[in-house]
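A.B. asks: Its first residue numbered 67, the sequence shown is counted upward by one per residue in my numbering. Even for Gly, the Cβ is constructed at its ideal location relative to N, Cα and C. Dropping a structure here in structure tokens format, bear with me for questions.
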Amino acid sequence: FGDAALRGLKVVVSAGPTYEDIDPVRFIGNRSSGQMGFAIAEAAVQAGADVTLVAGPVSLPTPQGVTRRIDVRSAAQMRDAVVAASAQADIYIGAAAVGDYRPASVANQKIKKHDGAALVLHLAENPDILASLAAQTVRPFLVGFAAETHDVEQYARDKLQRKGLDMIAANQVGGGLGFEAADNALTLYWPEGVAELGRTSKTELAHQLVAKVAERYRAVRA
Ligand code: PMT
Numbered sequence: 067f068g069d070a071a072l073r074g075l076k077v078v079v080s081a082g083p084t085y086e087d088i089d090p091v092r093f094i095g096n097r098s099s100g101q102m103g104f105a106i107a108e109a110a111v112q113a114g115a116d117v118t119l120v121a122g123p124v125s126l127p128t129p130q131g132v133t134r135r136i137d138v139r140s141a142a143q144m145r146d147a148v149v150a151a152s153a154q155a156d157i158y159i160g161a162a163a164v165g166d167y168r169p170a171s172v173a174n175q176k177i178k179k180h181d182g183a184a185l186v187l188h189l190a191e192n193p194d195i196l197a198s199l200a201a202q203t204v205r206p207f208l209v210g211f212a213a214e215t216h217d218v219e220q221y222a223r224d225k226l227q228r229k230g231l232d233m234i235a236a237n238q239v240g241g242g243l244g245f246e247a248a249d250n251a252l253t254l255y256w257p258e259g260v261a262e263l264g265r266t267s268k269t270e271l272a273h274q275l276v277a278k279v280a281e282r283y284r285a286v287r288a
């Protein structure tokens, strides 16, 4: 590697889960480990980009050469960090598993049990980070992910179009695939094409993804 496919370009990558607090000791989260996004950040550095990595709560070291890392917890914090960093960016790659919902209110004391009674949590929808970026007139080249347990292609193509993205990387998740695992497989969709990246390590997959992103970026923005 070490090619210069992204030389001179600013790339923002999001990685990891978001945590949505319920009370001072509990939260709603998801199984993202951050490995996929961190591997993409590393591959983008090796392709010559200036990389900002916005990370949810993960326990991973910052890949060598990443210019800045911003650690966040909730989807709202991730949105603010990504939108600020993307103002100057050429490419945004959203590998983070952003929570779609958060508790409508956060209890300021630990919620106690009540004699076997069911507890009802009201959830409010989180802001969509990709949609916020897509709505801007000057916006980076947008690469989203689609993590699906079923009907992967249909949902991925729908997200590509509905969110106004330049490319989407779809992965099947669940049953030991996608989240947490060391390996993954991706299918890339863009308005005019598709590319199958077969099952391999997230490190190798990240290099293949970055090469394709660079190629498509040059095709539409050069
Ligand atoms: O972190 P790992 O353990 O390595 O696992 C990798 C992964 C499975 C998390 C990764 O490959 C992946 O698929 N990331 C996206 C997970 C996800 O949230 O997918 P989604 O289909 O729910 O979201 C679609 C896209 O919209 C994503 O690019 C997401 O970042 C973005 N999104 C979602 C919700 C929201 N409020 N704002 C967003 O921008």
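1) The alpha helix (DSSP H) that contains E108, what's its start and end?
2) Please find out if some non-hydrogen atom of the ligand PMT comes closer than 6 Å to the beta-carbon of V286.
3) Please name the residue or residues paired with K76 in a DSSP beta bridge.
4) Give the single residue among K229, D249, N96, R205 whose Cα lies nearest to the Cα of D194.
5) Report yes if the C-beta of L196 is less than 6 Å from at least one heavy atom of the ligand PMT; otherwise report no.
6) Look at the Cβ atom of D137, then the Cβ atom of A121, and state whether they are nearer than 7 Å.
7) D116: buried (16+ other C-beta within 10 angstroms of its C-beta) or exposed?
8) Under 8 Å by Cβ, that's how I've got A161 and V79 pegged, so tell me the actual separation to the nearest angstrom.
9) How would you write the range of the alpha helix (DSSP H) that A272 sits in, first residue to last?
10) How would you call I177, buried or exposed, if buried means at least 16 neighbouring beta carbons within 10 angstroms?
11) Look at the alpha carbon of A298 and the alpha carbon of A197, and state the distance between them as a whole number of angstroms.
12) Taking 6 Å as the cut-off, is the CB of M102 close to at least one heavy atom of the ligand PMT?
13) Just the Cα atoms here: how many angstroms apart are G210 and Q175?
C.D. replies: Taking the coordinates as given:
1) Mapped onto the sequence shown, residue 108 falls at position 42. Element bounds for E108: 101-112.
2) Along the sequence shown, one-based indexing puts residue 286 at 220. The answer is no for V286.
3) Residue 76 sits at position 10 when you count from the first residue of the sequence shown. Partner(s): D116.
4) Sequence index remark: in the sequence shown, residue 194 carries index 128 (1-based). Comparing Cα positions, the closest option is K229.
5) As a first step, residue 196 is located in the sequence shown; it is residue number 130 there, counting from the start. Yes.
6) Here residue 137 refers to the residue found at position 71 when the sequence shown is read from its first residue. Here residue 121 refers to the residue found at position 55 when the sequence shown is read from its first residue. Contact flag set, yes.
7) As a working note, residue 116 is residue 50 in the sequence shown. Buried, by the Cβ-count rule.
8) Position 95 of the sequence shown holds residue 161. Position 13 of the sequence shown holds residue 79. Their Cβ separation, rounded to whole angstroms, is 6 Å, which keeps A161 and V79 in contact under 8 Å.
9) As a position in the sequence shown, residue 272 is number 206, starting the count at 1. Where A272 is concerned, the enclosing alpha helix (DSSP H) stretches over 268-287.
10) For this step, residue 177 is matched to residue 111 along the sequence shown. Exposed, since its Cβ has fewer than 16 Cβ neighbours within 10 Å.
11) Because residue 298 is not part of the residues shown, which for the chain are 67 to 288, the question remains open.
12) In the sequence shown, the residue the question calls residue 102 occupies position 36. The closest heavy atom of the ligand PMT lies less than 6 Å from the beta carbon of M102.
13) In the sequence shown, counting from the first residue as 1, residue 210 sits at position 144. In the sequence shown, counting from the first residue as 1, residue 175 sits at position 109. Computed Cα separation, rounded: 37 Å.
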